[in-house]
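From first to last, the protein sequence lines stand for chains R, C, S and Z. Per the working numbering, numbering through the first sequence is continuous, rising by one, with the last residue being 305. Per the working numbering, numbering through the second sequence is continuous, rising by one, with the last residue being 305. Per the working numbering, numbering through the third sequence is continuous, rising by one, with the last residue being 305. Per the working numbering, numbering through the fourth sequence is continuous, rising by one, with the last residue being 305.
Protein chains: 4
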Amino acid sequence: MSRPGLGRRALAEALGTGLLVSAVVGSGAMATRLSPGEAGLQLLANSIATAFALAVLILIFGPVSGAHFNPVVSLADWWLGRRDRAGLSARELGGYLVAQLVGAVAGCVVANLMFDLPAVALSSTRRGGAPLWLGEVVATGGLVLLVFALARAGRASVTPAAVGAYIGAAYWFTSSTSFANPAVTVGRVFTDSFAGIAPASVPGFVVAQLIGLVVGVGVLVVLYPDAGRAADAVVDAKAPAAPVRAAGA
Amino acid sequence: MSRPGLGRRALAEALGTGLLVSAVVGSGAMATRLSPGEAGLQLLANSIATAFALAVLILIFGPVSGAHFNPVVSLADWWLGRRDRAGLSARELGGYLVAQLVGAVAGCVVANLMFDLPAVALSSTRRGGAPLWLGEVVATGGLVLLVFALARAGRASVTPAAVGAYIGAAYWFTSSTSFANPAVTVGRVFTDSFAGIAPASVPGFVVAQLIGLVVGVGVLVVLYPDAGRAADAVVDAKAPAAPVRAAGA
Amino acid sequence: MSRPGLGRRALAEALGTGLLVSAVVGSGAMATRLSPGEAGLQLLANSIATAFALAVLILIFGPVSGAHFNPVVSLADWWLGRRDRAGLSARELGGYLVAQLVGAVAGCVVANLMFDLPAVALSSTRRGGAPLWLGEVVATGGLVLLVFALARAGRASVTPAAVGAYIGAAYWFTSSTSFANPAVTVGRVFTDSFAGIAPASVPGFVVAQLIGLVVGVGVLVVLYPDAGRAADAVVDAKAPAAPVRAAGA
Amino acid sequence: MSRPGLGRRALAEALGTGLLVSAVVGSGAMATRLSPGEAGLQLLANSIATAFALAVLILIFGPVSGAHFNPVVSLADWWLGRRDRAGLSARELGGYLVAQLVGAVAGCVVANLMFDLPAVALSSTRRGGAPLWLGEVVATGGLVLLVFALARAGRASVTPAAVGAYIGAAYWFTSSTSFANPAVTVGRVFTDSFAGIAPASVPGFVVAQLIGLVVGVGVLVVLYPDAGRAADAVVDAKAPAAPVRAAGA
Chain R
57 MSRPGLGRRA LAEALGTGLL VSAVVGSGAM ATRLSPGEAG LQLLANSIAT
107 AFALAVLILI FGPVSGAHFN PVVSLADWWL GRRDRAGLSA RELGGYLVAQ
157 LVGAVAGCVV ANLMFDLPAV ALSSTRRGGA PLWLGEVVAT GGLVLLVFAL
207 ARAGRASVTP AAVGAYIGAA YWFTSSTSFA NPAVTVGRVF TDSFAGIAPA
257 SVPGFVVAQL IGLVVGVGVL VVLYPDAGRA ADAVVDAKAP AAPVRAAGA
Chain C
57 MSRPGLGRRA LAEALGTGLL VSAVVGSGAM ATRLSPGEAG LQLLANSIAT
107 AFALAVLILI FGPVSGAHFN PVVSLADWWL GRRDRAGLSA RELGGYLVAQ
157 LVGAVAGCVV ANLMFDLPAV ALSSTRRGGA PLWLGEVVAT GGLVLLVFAL
207 ARAGRASVTP AAVGAYIGAA YWFTSSTSFA NPAVTVGRVF TDSFAGIAPA
257 SVPGFVVAQL IGLVVGVGVL VVLYPDAGRA ADAVVDAKAP AAPVRAAGA
Chain S
57 MSRPGLGRRA LAEALGTGLL VSAVVGSGAM ATRLSPGEAG LQLLANSIAT
107 AFALAVLILI FGPVSGAHFN PVVSLADWWL GRRDRAGLSA RELGGYLVAQ
157 LVGAVAGCVV ANLMFDLPAV ALSSTRRGGA PLWLGEVVAT GGLVLLVFAL
207 ARAGRASVTP AAVGAYIGAA YWFTSSTSFA NPAVTVGRVF TDSFAGIAPA
257 SVPGFVVAQL IGLVVGVGVL VVLYPDAGRA ADAVVDAKAP AAPVRAAGA
Chain Z
57 MSRPGLGRRA LAEALGTGLL VSAVVGSGAM ATRLSPGEAG LQLLANSIAT
107 AFALAVLILI FGPVSGAHFN PVVSLADWWL GRRDRAGLSA RELGGYLVAQ
157 LVGAVAGCVV ANLMFDLPAV ALSSTRRGGA PLWLGEVVAT GGLVLLVFAL
207 ARAGRASVTP AAVGAYIGAA YWFTSSTSFA NPAVTVGRVF TDSFAGIAPA
257 SVPGFVVAQL IGLVVGVGVL VVLYPDAGRA ADAVVDAKAP AAPVRAAGA
């Protein structure tokens, strides 16, 4: 069985990341419009909508590209798969990152247009400080650990629901509301609404996310030292009947 | 194994579409009654109830008719299956569309009666404008892409939960609250409550949904060019152990 | 493989129905205590907690007794299985009904005690009238159709999640908040809190539920005329790998 | 296939229990910050976030350690497995309990830091009295019954979602908000925020949880008298294709 070409996979990454940002920004705009002044209710709607949308998007695009939608996941895939050439190549990694960034910005514009906001506006919402950066480290580390632990345990078929549930929870249990994704972070710059982030706040978030990547990969290789052939199946929804492998076997 | 006859399948489409409209209109009426003035809380209850109900209805009726409940899905099934006669025939398509429309209106009447509203009333809720129509294009395109991507990837067993989650999310991330279904749109004309839509607003919504159909099918055939034998299994819940096919194999 | 004896199965039905009533009454008491005056938020918490609890209880007790927890389901099982002796026998049916009723009342008492309410108190909440009774017919008919459609389609492994989701949705889309269960209805008489129902309102609800039973069975045998060997597997969670049968094959 | 060593399993228990406490405490802090004075909305967010997080954490750490995260579960595993040496040994039990306690406290500190609260503070929230202790008995008994019933019925693959849903519901239907876990109870001492518990209230809760353990195990051995080889697979997410065993066979 052959893999889809890089062009088709990059298109899937762009569309998936774009629709993810549309879901995050759009549901945030709807929530603030319907429940002005009720921040808790806004985040509740935003988190449930994001969890459901993310699970569905991984189902749609997983069989094509692996449904990374996230430079941190693509970087980890490339990093963990270097030795046995099971992950993304450097060239593929580049294609994925560009597609994710372009898609994220486009998805933000689509959300703005759907909600009759300026097509492009820079967010004025400052986010940062040590507690929030720690939140991003935890959120991103947990995400990386989840995605690759499922792959190494041969359970990639539950990845769509699990990643959705994880982000839905992390919106609440991290102080940063769990961006956990550099491409989505950049995309969310271009809306001055609930889900936005000011340009000046992006570098701090991205650095924290990269630290989270290192932490997540570190924990992963301690808990699941054996990659085996599962390394190739990251967030890939196409393997419901994957053979079960015992950890450490 | 033989297929159920068209009469039985049309009955399933009518009942399923009807109960879907009952769930949408009924939960909207309950939410406005219990939380007057709190639009965000109303939509939260309405979206969760719809997501749960839709998943369950696909489980109930999927093995009989494929659980389309939606002219856009039936049209796509007919369109995508013409070449190899795997989808609905033109005659079957006609039966499905009539059943969906009749069921949708009846389901609205049942909801009105359950909530002690006039059995039939025309909605006075105007919905429209470019941002909302864009919302319908996105919502419908995503729905078509989801349903047929799962079928082509051999994962139709997760369709019930995935479609429910998708609509639950799209209520929030599209400005139109994601009608995404011409039959349901028509059914919702006949209640002057939370979920209603004024007759004059229907054409704009339906046109946007048809554009969404074209967009969704276009993306589908680029990402999943190979239909294979899965073409016949659209939203069919009866295949939990379907063989896994690699995309593009 | 032998079936558990009737004593053990009746114990499972009593415990399961009891814990279900504890979940319904307890979450209602918690919701009114935490959100006084906010009826919508109360029902939202009550419905989500009930949906989650019901799914879990079916998982726990399904392999022992089939997890009916509901006289309507047991009656339908007996009725549908008479011809080929696949369902409950009359003696078993009697044991199930008694266990469900006793369990329901005991579960209500436990909830009262957990929330520091009088151990036994008659509810003063009147519920009735044609719209609500219609709600009970729809709710109960849908439940029966769901449970037996899944059994006949060979998909009993998803019954726990599906029944939980169904009731969670039906709390909202029926005007009666979907009791749909004579034993639970009786149990809820014995608390004067959110989830209670006045004794005088019970007969109307139970009659409506029995009409719903007839409607649900009627639709079932039209849509799924072939019971086959699945008839025995009603709401039984022990068959994740059940052979898939085409409807009408 | 060999089991991971005790060191690696203890690390998994510490990390998993820690992240669970981070999720509980963190989402509670976020909820009170965003919805001050709205206790019902706070618990709704807290319960949904906990349910999602717990399911995900069991998926991540289950294949390594069995994802107990809870001394009550580890004790039951040791107790039920003594005869045929299928459960934890006494030495392993000790390692698990220490890891869970250390992890729980560390997780609370991380949550405090993420939300800019004092790294360590003793809670001033008193919790106790007979109704709440009864709540803990019910919550813990139900949890033990759920976990081991799924193991004995050969359905450990649904344990992650089921345990998450159970705790999400039990937050609402028990008056104690279902701590149901001595390690998490101790961890929650060290934050003076929504999820905290005063040190003086810990003994009562832990005693009630241990009574719940006995009740849960008692009901289990009556309903599922045959442990068989499933005894070893407690909350272990690595067995999606486990052979199905009939109860009582």
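Glycine residues also receive a C-beta, built at the ideal position from the N, C-alpha and C atoms. Please read these numbers as outputs of a predicted model, since none were measured by experiment.
Residue i touches chain S at which residues, Cβ-Cβ below 8 Å?
i: Leu99(Z); result: Met86, Leu90 and Ala101
i: Val275(Z); result: Leu71
i: Leu206(C); result: In chain order: nothing, as chain S lies at least about 16 Å away.
i: Leu202(Z); result: Val112, Leu115 and Ile116
Please list the partners that residue i has in chain S, where partner means a Cβ-to-Cβ separation under 7 Å.
i: Ala79(C); result: Ala225 and Phe229
i: Ala68(C); result: Leu279
i: Ala221(Z); result: Phe108, Ala111 and Val112
Tell me the residue span of the alpha helix (DSSP H) that contains residue i.
i: Phe204(C); result: Ala186 to Arg208
i: Asp282(R); result: No alpha helix (DSSP H) contains Asp282(R), which DSSP labels as neither H nor E.
i: Asp133(Z); result: Pro127 to Gly137
i: Glu148(S); result: Ala146 to Met170
i: Phe229(S); result: Thr215 to Phe229
i: Phe117(C); result: Ala95 to Ser121
i: Gly82(Z); result: Leu62 to Leu90
i: Pro238(S); result: Pro238 to Gly243
Under 9 Å, Cβ to Cβ, is there at least one residue of chain C near residue i?
i: Leu279(S); result: yes
i: Arg139(S); result: no
i: Thr106(R); result: yes
i: Val214(S); result: yes
i: Gly198(S); result: yes
i: Ala287(R); result: Model confidence at Ala287(R) stands at a pLDDT of 45, short of 50, so the residue's coordinates are unreliable; what they give is reported in the following sentence. Taking Cβ atoms only, chain C never reaches closer than 9 Å to Ala287(R), which makes this a no.
i: Ala239(R); result: no
i: Leu131(R); result: no
Of all the CB atoms in chain R, is at least one closer than 9 Å to the CB of residue i?
i: Leu190(C); result: yes
i: Arg211(Z); result: no
i: Ala218(Z); result: no
i: Leu269(C); result: no
i: Val194(C); result: yes
Applying a beta-carbon distance threshold of less than 8 Å, which residues of chain C neighbour residue i?
i: Gly83(R); result: Here the sequence assigns Ser to residue 83(R), which means Gly is not the residue at that position. What Ser83(R) touches in chain C: Ala225, Trp228 and Phe229.
Measuring only between beta-carbons, confirm whether residue i sits less than 9 Å from chain S.
i: Ser232(Z); result: yes
i: Ala109(Z); result: no
i: Trp135(Z); result: no
Please tell me whether residue i has its Cβ less than 9 Å away from any Cβ of chain Z.
i: Ala95(S); result: no
i: Leu75(S); result: yes
Quiz item: Going along the segment 175 to 186 of chain C in order, which residues come within less than 9 Å of chain R, judged by CB to CB distance?
Solution: Gly185 and Ala186
Self-check item: Interface positions of the segment 143 to 177 of chain R facing chain C (Cβ-Cβ less than 8 Å), listed along the chain
Solution: Val166, Ala167, Leu169, Met170, Phe171 and Asp172
Quiz prompt | Where the segment 112 to 127 of chain S meets chain Z: residues whose CB sits under 7 Å from a CB there | solution = Val112, Leu115, Ile116, Pro119 and Val120
Quiz item: Listed in chain order, which residues of the segment 245 to 264 of chain C have Cβ atoms closer than 8 Å to some Cβ of chain S?
Solution: none
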